[in-house]
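Please read the structure below before turning to the comments.
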Amino acid sequence: MKSRNSPRKITSEPVQPAAAPASSSWAKPQLTDLLRAMVVLSICLTPLVPSEAAMPFGSYAPLAMFWLVLVILFGVSLLVDPRQVIRVSRIELVGVALLGWLTLSTVAAGLAGDARQSLNALWIYFSYAAAYFLVRQWFATPRAGRMLVGVLMASAVLQSGLGEWQFLVSMPRERAMYEKNPEQVLVDSGISTDKNSPQRKLFENRVYSVEPLGSFALTNSLAGLLLPMLVIAAAIAAQQVRRSSPLAMVLTALVVITIAACLLLTKSRTAYLALAASLPLYFLVHWIAGRCTSAKFPSETPTTTAAPSRRNWYLMGGAAATLVLLSVAMLWLGGLDAKVLSEAPKSIAFRLEYWQATSRMIADSPLVGCGPGNFQQTYAAYKLPQASEMIADPHNWLFELASTAGLPAMLLSVLFIALSLQKVLCTRVEPTAANASTSVASTASSSETSTARWIVGGALTSLVAALPLALIAGYPLSFDPLTGLPEVWIVGLPALLLTFVAFGKWTVDGELSSATIITALLALGINLLAAGATTFPGVLLPGVVLLAVAMTQQPVALSSGDVSQGKAAGICAIGLALVVACYFTLYKPVLTARTLELDAEASYRLGQVERASSEYQAAAAADPWSSSHYRSLVQMWTQIASQVELPEEVRVRALDSYDDYSQLLVKTNPGDAIAYQLLAETAIRLYDTTRDKRYLERARKSLADGITHYPASSRMHAQAAWIARLQNDSARATEMADQALQLDTMHNHTEQKLASLRLFDTPLPRVVFSTEEFEQSALELMQKIVGASAPPSGGVNP
Numbered sequence: 000m001k002s003r004n005s006p007r008k009i010t011s012e013p014v015q016p017a018a019a020p021a022s023s024s025w026a027k028p029q030l031t032d033l034l035r036a037m038v039v040l041s042i043c044l045t046p047l048v049p050s051e052a053a054m055p056f057g058s059y060a061p062l063a064m065f066w067l068v069l070v071i072l073f074g075v076s077l078l079v080d081p082r083q084v085i086r087v088s089r090i091e092l093v094g095v096a097l098l099g100w101l102t103l104s105t106v107a108a109g110l111a112g113d114a115r116q117s118l119n120a121l122w123i124y125f126s127y128a129a130a131y132f133l134v135r136q137w138f139a140t141p142r143a144g145r146m147l148v149g150v151l152m153a154s155a156v157l158q159s160g161l162g163e164w165q166f167l168v169s170m171p172r173e174r175a176m177y178e179k180n181p182e183q184v185l186v187d188s189g190i191s192t193d194k195n196s197p198q199r200k201l202f203e204n205r206v207y208s209v210e211p212l213g214s215f216a217l218t219n220s221l222a223g224l225l226l227p228m229l230v231i232a233a234a235i236a237a238q239q240v241r242r243s244s245p246l247a248m249v250l251t252a253l254v255v256i257t258i259a260a261c262l263l264l265t266k267s268r269t270a271y272l273a274l275a276a277s278l279p280l281y282f283l284v285h286w287i288a289g290r291c292t293s294a295k296f297p298s299e300t301p302t303t304t305a306a307p308s309r310r311n312w313y314l315m316g317g318a319a320a321t322l323v324l325l326s327v328a329m330l331w332l333g334g335l336d337a338k339v340l341s342e343a344p345k346s347i348a349f350r351l352e353y354w355q356a357t358s359r360m361i362a363d364s365p366l367v368g369c370g371p372g373n374f375q376q377t378y379a380a381y382k383l384p385q386a387s388e389m390i391a392d393p394h395n396w397l398f399e400l401a402s403t404a405g406l407p408a409m410l411l412s413v414l415f416i417a418l419s420l421q422k423v424l425c426t427r428v429e430p431t432a433a434n435a436s437t438s439v440a441s442t443a444s445s446s447e448t449s450t451a452r453w454i455v456g457g458a459l460t461s462l463v464a465a466l467p468l469a470l471i472a473g474y475p476l477s478f479d480p481l482t483g484l485p486e487v488w489i490v491g492l493p494a495l496l497l498t499f500v501a502f503g504k505w506t507v508d509g510e511l512s513s514a515t516i517i518t519a520l521l522a523l524g525i526n527l528l529a530a531g532a533t534t535f536p537g538v539l540l541p542g543v544v545l546l547a548v549a550m551t552q553q554p555v556a557l558s559s560g561d562v563s564q565g566k567a568a569g570i571c572a573i574g575l576a577l578v579v580a581c582y583f584t585l586y587k588p589v590l591t592a593r594t595l596e597l598d599a600e601a602s603y604r605l606g607q608v609e610r611a612s613s614e615y616q617a618a619a620a621a622d623p624w625s626s627s628h629y630r631s632l633v634q635m636w637t638q639i640a641s642q643v644e645l646p647e648e649v650r651v652r653a654l655d656s657y658d659d660y661s662q663l664l665v666k667t668n669p670g671d672a673i674a675y676q677l678l679a680e681t682a683i684r685l686y687d688t689t690r691d692k693r694y695l696e697r698a699r700k701s702l703a704d705g706i707t708h709y710p711a712s713s714r715m716h717a718q719a720a721w722i723a724r725l726q727n728d729s730a731r732a733t734e735m736a737d738q739a740l741q742l743d744t745m746h747n748h749t750e751q752k753l754a755s756l757r758l759f760d761t762p763l764p765r766v767v768f769s770t771e772e773f774e775q776s777a778l779e780l781m782q783k784i785v786g787a788s789a790p791p792s793g794g795v796n797p
């Protein structure tokens, strides 16, 4: 009798029935292949929607919903074909615990802050879990795993090609258009034409930037996608040298060069560091794997995990030389400069400031954090005066989880990853029995050939599906003005074809060691230790998929033989519950409210104020967790109330509406310092128009609340000082002005200096400023307060 603790041998192929009856899974391949194609479609579409908008604006809602629908379809496939194996292990229980804790943090802390962003973040995490689970089920054979890695490679080549297209074609074209008529471009873009405007400076910085973005909004995000795939591509290229035809070798080298060139162009120092670390990590992981076992994944024949041979050393030297040559080429083309190295100490200093403030956040709320999605507005209260910006994440995935969901979430995630890597490296994987049924093996080979077609079809379909998805998500694709086609299509089709041709033979009879997968994941992890963020699906999802591909070869069957209808129905029920919850808390409210808000903006531009107001209110009702609609209503009614030429009854109605929506804005998100600053600026504008002291007092109270939540803001202190001066409170005015000047001297960021800023964003020529004061910077006005205590020309009389 076998002991319960006896070692378990795991074959490199999932267990198949001894014979292949008509009711087996091989008899119904079309359904499984279709579902695999849907997974591939979702994976390929994920980077095509800006990941940075997934949490704040819910741009990932359609894909998050689609991942959960696929969970239901997996349960349905079990009902249709019960002769399948559900691949799970005890490690997944840690993942379930992590999801549970993230949910607890959302309910306990997130909903009390920015509830919309918190829910968006939570469903992003659930989509990762769904993707991991489905890849474990549907890509369990070595060849299927290699196919999926090929899909990830194709996605990386697409993004690399798109980035290089931007660097060589679209960015120079945009710069030429701007230089030809800058004023018109600014007007068309809704940017102030004032040469001192911060918005104009930011716009011009973007126009003259040479760093490619791909489909992302940040270069670090693009680098995060490319990095692990470059590590894997280089490993495959080394294999191709020994086994493949000259054409395959050339095409594989072209893939490596394409990804490497774009990675260099991003100027991501963290990615450079992680890439440099990947070589010693590769040796270290090989050594650990050799110590634990001679496992290799995924290969139908056992191979060794010994350290790389002398030939591989030569190949690595050649790869390093290639990187040097690419760097020289990028320098010559203007894609790289000395600032990549010279500004590295400054970049490190910035991150140390972020982490110091984040550590204080964690210390104040170690159990559940501030709630997923609430980092930025909570960080404002802890931001150091010398810190460079109001960051949306701490640029470190461990700090992000600990600060937003508590230390338990961070520890559970580390435990899950550590146990997974240990299992991948230290489980002995043996080849399928030599006496396996020839008919079954032949059927499997035929089935996997069919699967390959479906997978390629899913990847190609993503190019077509990207167009409507981008419109639904609110981020339309960029079109090439010469051809009239989306740039993703122009670059994507050649990129996908190049990758599939280059790696086609490798997916059939190649190998991908567990050491290579883990090295790629560790490189990504190092990058995310200084880049963030866990809520960027385009960056993190490829890592989740790679981990799942590695784990598919260590299955612990939840069921033996036929899967019972009860278990299949249970999976369907879990998937259905998640879909319903996601639909009513993410998909429906986000998409409905976005449509209504776009309609409201169009109505307001046409002068249809009542209709715009109704549509904004409908948007707020559709998404009660969001405060953005109340923000829009506050701004709209402020503009109307400030138009002195309108009839009195219209302005009175506008002021009443402003009062109502100001209260709702604060009630919906009481911890948002930026909302308080908006209320202060709109109130001071209304005071400037109406001369009603109530609005001056509201501005004072709003700024007091804003400073409580953002004490390091020199500008809010300066605004508070000017309002105190308008109220003839010279003592408070001097106090606030002194604090504003002190905070201003504590940082060296020119664009945030009071000398570069107006005191208020909107012109206030009537009461708040004299003609002379209107032209002065915030710094000059603060110096005026400190230097003299006399009330301004437009001040309030006692």
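Heads up: the sequence shown at position 226 corresponds to 225 in numbering that gives the first Met the number 0, and the numbers run straight through without jumps. Every residue gets a Cβ at the ideal spot worked out from N, C-alpha and C, and that includes glycine. Source: prediction; values computed, not measured.
Beta bridge pairing from DSSP links Pro485 with Phe478. Taken in chain order, the unbroken stretches of alpha helix (DSSP H) that lie wholly in the region 612-667 and span 4 residues or more are 627-640 and 647-667. Fully enclosed alpha helix (DSSP H) runs of no fewer than 4 residues occupy 53-56 of the region 38-74, in order along the chain. Sequence-distant partners of Glu647 (beyond 5 residues in either direction) whose C-beta falls short of 7 Å from its own C-beta are missing from its chain. Listed in chain order, the beta strand (DSSP E) runs fully inside the region 713-761 amount to none, counting runs of at least 3 residues.
For Arg135, the three-state secondary structure derived from DSSP is helix.
Taking the C-beta atoms as reference points, Gly144 is found no nearer than 8 Å to Val487.
Apart from the 5 residues on each side of it in sequence, Leu40 sits with its Cβ closer than 6 Å to the Cβ of Gly457, Thr460 and Ser461 in its chain, given in chain order.
DSSP, read as helix, strand or coil, puts Arg172 in helix.
The beta carbon of Ile190 lies closer than 6 Å to those of Gln198, Arg199 and Phe202 in the same chain, with the five residues before and after it left out. By alpha-carbon distance to Val209, the top candidate from Pro245, Gly223 and Pro171 is Pro171. Counting along the chain, Leu590 sits inside the alpha helix (DSSP H) bounded by residues Lys587 to Arg604. Put simply, the backbone Cα of Phe125 is about 12 Å away from that of Ile573. Taking all protein chains shown into account, Glu596 has 16 or more neighbouring C-beta atoms within 10 Å of its C-beta and is therefore buried. Under the criterion of beta carbons closer than 8 Å, Ala252 and Ala514 do not qualify as touching, at roughly 22 Å. Between the beta-carbon of Ala674 and that of Leu664 there is about 6 Å, and that keeps the pair under the 8 Å contact cut.
Residue Ile347 holds the alpha-carbon nearest to the alpha-carbon of Ser387 among Ile347, Asp760, Arg35 and Val507.
Assignment of Gly372 by DSSP, reduced to helix, strand and coil, places it in the coil class. If only complete runs of 4 or more residues are kept, the region 503-579 shows the alpha helix (DSSP H) at 513-527 and 536-550, in order along the chain. For Glu352, the enclosing alpha helix (DSSP H) stretches over residues Ala343 to Asp363. Per DSSP, the continuous alpha helix (DSSP H) segment holding Gln676 begins and ends at Ala672 to Thr689. Nearest neighbour of Glu178 by Cα position, chosen from Ser188, Val206 and Glu399, turns out to be Val206. In this structure, the straight-line span from the alpha carbon of Leu523 to that of Ala529 is close to 10 Å. For Thr265, no alpha helix (DSSP H) run applies, since DSSP gives it neither H nor E. In this structure, Leu280 sits away from Leu632, with a CB-CB distance that is not shorter than 8 Å. In this structure, DSSP gives Val284 a helical state, which the three-state scheme calls helix.
In this structure, the straight-line span from the alpha carbon of Val544 to that of Val75 is close to 22 Å. Residue state for Gly289 is assigned as helix, using DSSP reduced to three classes. Nearest to Ala568 by C-alpha distance, out of Ile71, Phe499 and Phe583, is Ile71.
The C-alpha of Ala232 is placed about 12 Å away from the C-alpha of Met248.
By alpha-carbon distance to Thr31, the top candidate from His746, Ala139 and Arg89 is Ala139.
Straight across, the Cα-Cα distance linking Leu470 with Leu476 is about 8 Å.
When the five nearest sequence neighbours on each side are left out, the beta carbons in the same chain lying within less than 8 Å of the beta carbon of Thr688 are those of Ala640, Ser641, Val643 and Arg765, in order along the chain. Between the alpha carbons of Leu185 and Met176 lies a gap of roughly 11 Å. In the same chain as Phe478, and ignoring 5 residues on each side of it, the C-beta atoms closer than 8 Å to its own belong to Leu484, Pro485 and Glu486, in chain order.
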